[in-house]
Amino acid sequence: MKVKIIILEHPRIQSENRFNDIANTPLWSCLMGGYVASALKAAGHDVRLIDCTVNGWNFSKTATEIMAFSPALLAVNGVYMWEKTGSLFDFFQNLRQAGFMGHITLFGFYPTLACHRILAFSKAVDSVCVGECEITVTELASRLSVHTPVGNIKGLAERHGNGMNLTGSRKPISDPDLFDFPVRPDQDFTTVSILGSRGCYNHCSFCPVPSFYNNGPLWRGRSPENILLEIEELVSKGITDFYFADPNFIGPGKKGKERTQKLMELIRPLKITFGMETRPQDLDDEIMESLVSSGFTSMLLGVESGSETLLGHLSKGITRNSSERAIARCRTFGIEPEIGFLMFVPDSTLSNLGENFEFLEKNGLLDRLDRTANLFSHSHIVLMGTSGYHRHQQEGRLTPSGYQGFEGEIEYTDKRVAWMRDVMVFACLHILKESASCDSPIHWQKPQGQGAAKRVNDYLVKLFERLLKDAASVKPSDDPEMVKKNIESEIHREMRLAEFLEP
Ligand code: SF4
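Note that the working numbering has the sequence shown beginning at -12, numbered continuously upward.
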């Protein structure tokens, strides 16, 4: 028997302070609702995918639509929204108060990593699908369709008293070709996200991807033929630009490279363009040549640090040299890479900050304001369920923070580094907020390497050097507020000067 189901990509509310932190959820979670919807459709259910990231609905409009459709199952991709996350649980509570009787289940990265906590505090939520969720949600729907109890489904955590009951973990499917292509909302997209692989073969301490799938490294690639079929289908609808949302596009070793080469051969005749994210040591000349000749235009490289010591603390499994080689290689092939970087981590020393700065400068990464402000401001974020969270908790250095303790505030070993982070992040966020305003001389759509943006960029680079020197003599009692005030007026002076010199 089929049941009425809504798959929901809920409204996202932007955080005031964390608007440039993308660590709240891995990129590929944007396709998760679509994958769940396609699995349920294949099982014959009456499925409606509501994607509020596309239709722009707020929680109130979404609630009205859900009440009108009255599904037996509301399955929600729960995305952490920093301090705004409570709005999601208020929404569930409001649905219950309005008389919604359907089963509410959550899936995705945040619900998986925080399932104990969510089921303990939100009585409106019935269950959480832990880890890879397509099969778990489908089994849940099948139980609901015949009105049998939903207990004992592998991977489904249910509330049990004030705690939770999880029958057993659900192993990720070994062959990702078995998943149907994701349902996509009707919308004219210029760039379409696509998922060529799942998971990662590394286990960085800050990353939720390995914890989500396997509590450890696990990478599974779709076959090149299967990816080609999906791309051809989208090309037939007029789409020509793609972004592979894979946490790790190329995959491990020789086999990962051979698979990528094969995929490139298949998609080359389609004349599409595409971007992707990968680890520095997975690139070589052969792969680059193959990628570029198949329409490759943009890349995010997970570099994270210019300090060998900190790369070790982050369990990154790469060296500074491999990152430098990858950046140079991309440029040789005409690709300017974007860089994933953690400037401030709790175990950093001032000398490590100096190494980071020297790395960025040496590799020509500090010449564009939008990039400089991001590289100088990203701090290590510690999320519940990651290996870094457990380690710091065991060391007694973690104070739960964020919504319902989903984040961990880690005590910095060197208080001077914490002072520098406080001041530098303030300066960068101030600039990034300013660059969001259309009237600003440093608006992000204006050329970032010239005019006012260049002037403010050069100021920011000098500011970092100056603060690094000042930090050496900072005492724990020193209040950074006065320094921040001065920086704010210096930034505005630079913008005014730029306008005066180049009206
Ligand atoms: S390499 Fe990237 S995807 Fe893999 S564990 Fe590290 S941060 Fe996550």
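Ideal Cβ placement from N, Cα and C applies to all residues, glycine included.
Fair warning: this is a prediction, and the values are worked out from it, not measured in the lab.
In this structure, residue 234 has its CB closer than 8 angstroms to one or more heavy atoms of ligand 1. Taking C-beta atoms under 8 angstroms as the contact rule, residue 14 and residue 24 fail to qualify, at a distance of about 19 angstroms. Between the alpha carbons of residue 122 and residue 26 lies a distance of about 7 angstroms.
Around the beta carbon of residue 38, 16 or more other beta carbons sit within 10 angstroms, so the residue counts as buried.
Taken from the Cβ of residue -1, every heavy atom of ligand 1 lies 8 angstroms or farther away. With contacts defined as CB atoms closer than 9 angstroms, residue 92 and residue 143 qualify as a contacting pair.
With a cutoff of 9 angstroms on beta-carbon distance, residue 344 and residue 293 are scored as near each other. Going by C-alpha positions, residue 476 is about 11 angstroms away from residue 417. In the three-state scheme derived from DSSP, where H, G and I count as helix and E and B as strand, residue 86 is classed as coil. Its chain contains 41 as the residues whose beta carbon lies nearer than 7 angstroms to that of residue 174, once the 5 sequence neighbours on both sides are disregarded; these appear in chain order. In this structure residue 64 does not touch residue 129 by the C-beta definition: roughly 20 angstroms separates them, more than the 8 angstroms allowed.
Inclusion of residue 251 and residue 231 in the CB contact set at 9 angstroms is not warranted, their separation being larger than that value. By the CB criterion at 9 angstroms, residue 312 and residue 298 fall outside the cutoff. Within the same chain, and ignoring the five residues on either side of residue 350 in sequence, the residues whose Cβ sits closer than 7 angstroms to its Cβ are 311 and 314.
Here the alpha carbon of residue 134 sits roughly 41 angstroms from the alpha carbon of residue 235. For ligand 1, a non-hydrogen atom lies closer than 8 angstroms to the CB of residue 289.
Taking residue 484 as reference, the option from 454, 429 and 457 with the minimal CA-CA separation is 429.
In this structure, the beta-carbon distance from residue 340 to residue 458 falls below 9 angstroms. Contact between the stretch -3 to 11 and the stretch 103 to 123 is absent: fewer than three C-beta pairs spanning the two stretches fall below 8 angstroms.
Spatial neighbours of residue 470 in its own chain (CB-CB distance under 6 angstroms, excluding positions within 5 residues in sequence) are listed in chain order as 410.
The residue from 124, 80 and -2 with its alpha-carbon nearest to that of residue 32 is 124. Spanning the alpha carbons of residue 360 and residue 348 requires a straight line of approximately 13 angstroms. Residue 197 has its Cβ nearer than 8 angstroms to a heavy atom of ligand 1.
Counting along the chain, residue 219 sits inside the alpha helix (DSSP H) bounded by residues 211 to 222. By the beta-carbon neighbour count (other beta carbons within 10 angstroms, threshold 16), residue 55 is exposed. By alpha-carbon distance to residue 150, the top candidate from 425, 110 and 178 is 110.
The closest CA to that of residue 287, considering only 237, 334, 68 and 281, is found on 237. Within the DSSP secondary-structure output, residue -9 pairs in a beta bridge with 33.
Residue burial is scored here from C-beta neighbours: residue 273 has fewer than 16 other C-beta atoms within 10 angstroms and is therefore classed as exposed. Per DSSP, residue 185 is one residue of the beta strand (DSSP E) stretching across 184 to 187. For the 9 angstroms CB-CB criterion, residue 58 and residue -8 form a contact. Shown here, residue -2 sits in coil according to DSSP, grouped into three states, outside any helix or strand. Here residue 58 is not bridged, per DSSP, to any residue.
Under the criterion of beta carbons closer than 8 angstroms, residue 141 and residue 156 qualify as touching, at roughly 7 angstroms. The stretch 316 to 334 and the stretch 276 to 287 touch, with three or more beta-carbon pairs separated by less than 8 angstroms.
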